[in-house]
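Chemist: I am attaching a structure below and will ask some questions about it afterwards.
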Amino acid sequence: MKEPMRNALIGLFVVGAFCVFGGLMVMFGEAPSWLFANDWELVITGPQEIRGVGDGTPVYLNGLEIGRVDRLEFRDPEQPGFGVNVIANIKNAYAVPAGAVAKMYGATLGFGAGQIHIVVAPSRDLQLLRKDNAYIRGEMSSLFGEIITDELTQSVQRAVDNIGAFAGEGVPVARNLADLLERRSIADVRGRSEMSNISTVVERLDRFIANLNVVLGDVNMQEDVKAIASSLKEAAEEAKELVELWKRETKGVAKNLNRGIDRTDDNLNEALSKLVGVVENLDTSTKELTGILEGISSGKGTAGLLVRDDRLYEAGVLALRRLADTIASIHRITGKIEQDGYITIAQETAVGTFTKDFPVGPKEQVEASDRK
318 MKEPMRNALI
328 GLFVVGAFCV
338 FGGLMVMFGE
348 APSWLFANDW
358 ELVITGPQEI
368 RGVGDGTPVY
378 LNGLEIGRVD
388 RLEFRDPEQP
398 GFGVNVIANI
408 KNAYAVPAGA
418 VAKMYGATLG
428 FGAGQIHIVV
438 APSRDLQLLR
448 KDNAYIRGEM
458 SSLFGEIITD
468 ELTQSVQRAV
478 DNIGAFAGEG
488 VPVARNLADL
498 LERRSIADVR
508 GRSEMSNIST
518 VVERLDRFIA
528 NLNVVLGDVN
538 MQEDVKAIAS
548 SLKEAAEEAK
558 ELVELWKRET
568 KGVAKNLNRG
578 IDRTDDNLNE
588 ALSKLVGVVE
598 NLDTSTKELT
608 GILEGISSGK
618 GTAGLLVRDD
628 RLYEAGVLAL
638 RRLADTIASI
648 HRITGKIEQD
658 GYITIAQETA
668 VGTFTKDFPV
678 GPKEQVEASD
688 RK
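Printed below as a string of structure tokens:
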């Protein structure tokens, strides 16, 4: 290869290297201002002290990079305490709202680079800054400050206070729990005026189980337990049979009761039917009696004549009186016979009057009279 050709290739290689290096500088670093002469400057004012922000720090608007920091300047070089201005080169394709605020974040825990985020408050009317002599307010912020807010700090403080109060209230409870779990035997409780605790209860339960094992281990007790179990089984079977019997008897009683109710209903219907007939007969008899009474009242028939004829009425009254006298005489005669105990019958004969007494009364009395 000739020397001129070789020098030309070396020159091309160096030029290419410079181009690649320039491209990498533009992509990952700060591009020279003379390359972007059409960018406009945005002045961020307000912070007294800036940490972690310098030349080349990226500027973001709603998460999109719109430029980089060009330089930092004192607001008044003669009075450094008045604060620092941050001059950023913003790409001409972007505009910044007038009410935006720049939040400047330094390197987190000393690692990485700082960032500037322009935050726009929600609003319906957003006026854009003019690109000549543009200013917005800026403030230093911290990612930890945004994560750990004052409300979170106060909440943690309240939680710590509540935990401390809970711990203070829990001290007596812990003491009582320690006293409850303290090893304390039955002898200690009997010998001193101390109350039983879990240890005492466990010891008593252990003794109870030991005594129960002794009792259940006795052969006679086992036989008694078996006998009781057998008796309970028989009682259960008898109870089961009794329940079955009760069910059967209950069903039978229910059936008989239903049949009785049915028969009573039938008898009641029959009785009501007969009663209807009796009422009808009574109605007919009443009508007939009414006709008879009307006939008697009008003097028809024997009863009518008896009612309307005064002589026949007097004769009937006289006959009734004589009948009463006859009954009275018969009553006197029977009374005398009962008093004497015999009946005397006399009859006139050719030789004179024949008299015979005939006894009356019970059989014993008659036999006694015959013996006399």
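Letter 52 of the sequence shown, counting from 1, is numbered 369 in our numbering, and no numbers are missing.
Even glycine gets a Cβ: it sits at the ideal position worked out from N, Cα and C.
If you scan the segment 380-457 from start to end, which runs of the beta strand (DSSP E) of 3 or more residues do you find wholly inside it?
Modeler: 381-391, 401-407, 418-422, 432-436
Chemist: Helix, strand or coil for proline 519? Go by DSSP, reduced to three states.
Modeler: Proline is not the amino acid found at residue 519; the sequence shown has valine there. Three-state DSSP puts valine 519 in a helix.
Chemist: Would you report the Cα separation of arginine 524 and phenylalanine 483, rounded to the nearest angstrom?
Modeler: 39 Å
Chemist: DSSP three-state label for glutamate 358, please.
Modeler: strand
Chemist: With a 10 Å radius around its C-beta and 16 neighbouring C-beta atoms as the bar for buried, classify alanine 405 as buried or exposed.
Modeler: buried
Chemist: Could you give the DSSP three-state label for valine 370: helix, strand or coil?
Modeler: coil
Chemist: Tell me whether the segment 355-366 and the segment 442-452 touch, counting them as touching only if at least three CB pairs, one residue from each stretch, are closer than 8 Å.
Modeler: Taking 8 Å as the limit for Cβ pairs, the verdict is that the segment 442-452 does touch the segment 355-366.
Chemist: Determine the DSSP secondary structure at proline 364, reduced to helix, strand or coil.
Modeler: coil
Chemist: How would you label aspartate 387, buried or exposed, when you count the other beta carbons within 10 angstroms and need 16 or more for buried?
Modeler: buried
Chemist: In whole angstroms, what separates the C-alpha of glutamate 551 from that of glutamate 558?
Modeler: 10 Å
Chemist: What does the alpha-carbon distance come out to for the pair glutamine 474 and glutamate 456?
Modeler: 27 Å
Chemist: Cutting at 6 Å between CB atoms, please list the residues of its own chain near isoleucine 578, excluding the five before and the five after it.
Modeler: none
Chemist: Report yes or no: do the segment 390-397 and the segment 477-492 share at least 3 C-beta pairs separated by less than 8 Å?
Modeler: no
Chemist: Just the C-alpha distance for serine 516 and arginine 500, rounded to the nearest angstrom, thanks.
Modeler: Inter-residue distance for serine 516 and arginine 500 is about 5 Å (C-alpha atoms, whole angstroms).
Chemist: Nearest to aspartate 372 by CA position, among Ala417, Gly423, Met538, is which residue?
Modeler: Gly423
Chemist: Look at leucine 378 and valine 413 and say whether their C-beta atoms are less than 8 Å apart.
Modeler: Valine 413 sits close to leucine 378, with the two beta carbons spaced by under 8 Å.
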